[in-house]
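**Student:** Supplied in structure tokens, the structure appears directly below.
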Amino acid sequence: MQTSLGFAAAGYENVLALFESFLAEDPRYSAQLAAYQHGVPVVRLTGGPDMGAETLTGAYSCSKGVAAMVVALLVQDGVLDLDKAVAHYWPEFAAQGKDRLLVREALSHQAGLIGVEGGFRLDEFTTPAAAARLAAAAPAWEPGRQFGYHALTIGILMEELCRRVTGESLQDMYDRRIRKPQEVDFFLGLPEDLEPRYRDVLYEEDPGQVWIDPLSLEGLNSNAPVSTIMELPNIPGVRAAGMSAAGGVGSAEGLARLYAAATTGVDGRQPFLATRTVEAMTREQVWGLDRSSGLDNAFAVVFMKPHPSRNFGSHRAFGHEGANAALGFADPAYGLGFGYIPRRQEEGRTAGRAHRLAAEVRRSAAGLS
150 MQTSLGFAAA GYENVLALFE SFLAEDPRYS AQLAAYQHGV PVVRLTGGPD MGAETLTGAY
210 SCSKGVAAMV VALLVQDGVL DLDKAVAHYW PEFAAQGKDR LLVREALSHQ AGLIGVEGGF
270 RLDEFTTPAA AARLAAAAPA WEPGRQFGYH ALTIGILMEE LCRRVTGESL QDMYDRRIRK
330 PQEVDFFLGL PEDLEPRYRD VLYEEDPGQV WIDPLSLEGL NSNAPVSTIM ELPNIPGVRA
390 AGMSAAGGVG SAEGLARLYA AATTGVDGRQ PFLATRTVEA MTREQVWGLD RSSGLDNAFA
450 VVFMKPHPSR NFGSHRAFGH EGANAALGFA DPAYGLGFGY IPRRQEEGRT AGRAHRLAAE
510 VRRSAAGLS
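Taking our numbering, the leading residue of the sequence shown gets 150, the next gets one more, and so forth.
What follows is the structure, given as structure tokens:
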């Protein structure tokens, strides 16, 4: 008997069965799952005691994939060239030997600007003042020669580039060009009238957590002097400002619809990204051991790319995972848009529930193609 709310279309029964098995295994498990194929909803499930179909919650770095859709529009509009230097658009960025760093390199975690000493105030992240501090900073490695995950500062880079080439904030452009016309239930800046739908991300503090040196790569990357990553979307000011690196909030349906709207179109509309734009944005730029974390990672321009330990899709897939194991991606090989958001932080990467569900969605899509 189905205990979750929602539906799985014919051919996707295996996805429903796996989602139900997670609910049976763990009485605390609470999550949303959604998928579109060729622009049509094929899975929309909600289950568990702490998640409703209308719940909005934090999705952490899934926000980067959402914000990258704005970058893709800038590239498609011809106002941002991935092969020009960042300093071409943002002259102050040339300081400290960063004058030759290309936009595609900066937006694939190669800038070496993972943080600043002393950290950023939480109300500073989405401002030109944060961009000015980052532009003046010395890189932690030779720009363009290595890569390391820029957990929070890649948002500053995206936002300032958007300001420089359009005069508009990335959050406003997302609302105007993508969220409102495509009716996407994911927000870079949660409106006050939608606050009643928000529920805090549930996570457990590790009492054995070792001290993080604020001047280490990990400390700089996590903004350790000021905050922890996990608390970010639960802070009202952060989710209201819509920090594009980690402050977005929404639903699994919102993530799935966004990726579907970008690549296949929804509701009979054309996709808002052209095929050539998708190809330019999603070509893998780096893969290997991440300088910031020591883990293996693969990135296109902003977007994560699948690899063995984060195996969420085909070689054509692109998207982003969040710190709570939320996941949003498109897989053009199967015409899929996928979204998953748990209420409680859980294991991510290939072994996690999101990736296991993604594999079943792809298996169903392949069988129906």
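For every residue, glycine included, the Cβ atom is placed at its ideal position computed from N, Cα and C. The structure displayed is predicted, hence computed values, not measured ones.
SER212: buried (16+ other C-beta within 10 angstroms of its C-beta) or exposed?
**Tutor:** Its Cβ being crowded by 16 or more others within 10 Å, SER212 is buried.
**Student:** Kindly indicate which three-state DSSP category ILE490 falls into: helix, strand or coil?
**Tutor:** strand
**Student:** Determine which residues share a DSSP beta bridge with GLN181 and list them.
**Tutor:** Note: GLN181 is bridge-paired with THR195 and ILE490 in the DSSP secondary-structure output.
**Student:** How is GLY267 classed by DSSP in three states: helix, strand or coil?
**Tutor:** coil
**Student:** Can you tell which of TYR185, ALA159 and GLU169 has its C-alpha closest to the C-alpha of GLY488?
**Tutor:** TYR185
**Student:** Would you say the region 234-249 touches the region 430-442, given that touching needs at least three Cβ pairs under 8 Å?
**Tutor:** no
**Student:** Could you compute how far the alpha carbon of GLN419 sits from the alpha carbon of ALA409?
**Tutor:** 10 Å
**Student:** Tell me the rounded alpha-carbon separation between GLU291 and ALA466.
**Tutor:** A direct Cα-to-Cα measurement between GLU291 and ALA466 gives close to 29 Å.
**Student:** Hey, how far is the Cα of GLU273 from the Cα of ALA287?
**Tutor:** Rounded to the nearest whole angstrom, the CA to CA distance from GLU273 to ALA287 is 19 Å.
**Student:** Just reading off the beta strand (DSSP E) that ALA157 is part of, what are its end residues?
**Tutor:** ALA157 -> beta strand (DSSP E) spans 154-157.
**Student:** What do you reckon, are the CB atoms on LEU559 and LEU306 nearer than 8 Å?
**Tutor:** Any question about residue 559 goes unanswered here, given that the chain covers just 150 to 518.
**Student:** From which residue to which residue does the beta strand (DSSP E) around GLY468 run?
**Tutor:** 467-470
**Student:** Could you compute how far the alpha carbon of ALA278 sits from the alpha carbon of ASP349?
**Tutor:** 29 Å
**Student:** If you draw a straight line from the C-alpha of ALA202 to the C-alpha of VAL164, how long is it?
**Tutor:** 17 Å
**Student:** Which residue comes first and which comes last in the alpha helix (DSSP H) that contains ASN446?
**Tutor:** Per DSSP, ASN446 belongs to no alpha helix (DSSP H); it is in the beta strand (DSSP E), 445-448.
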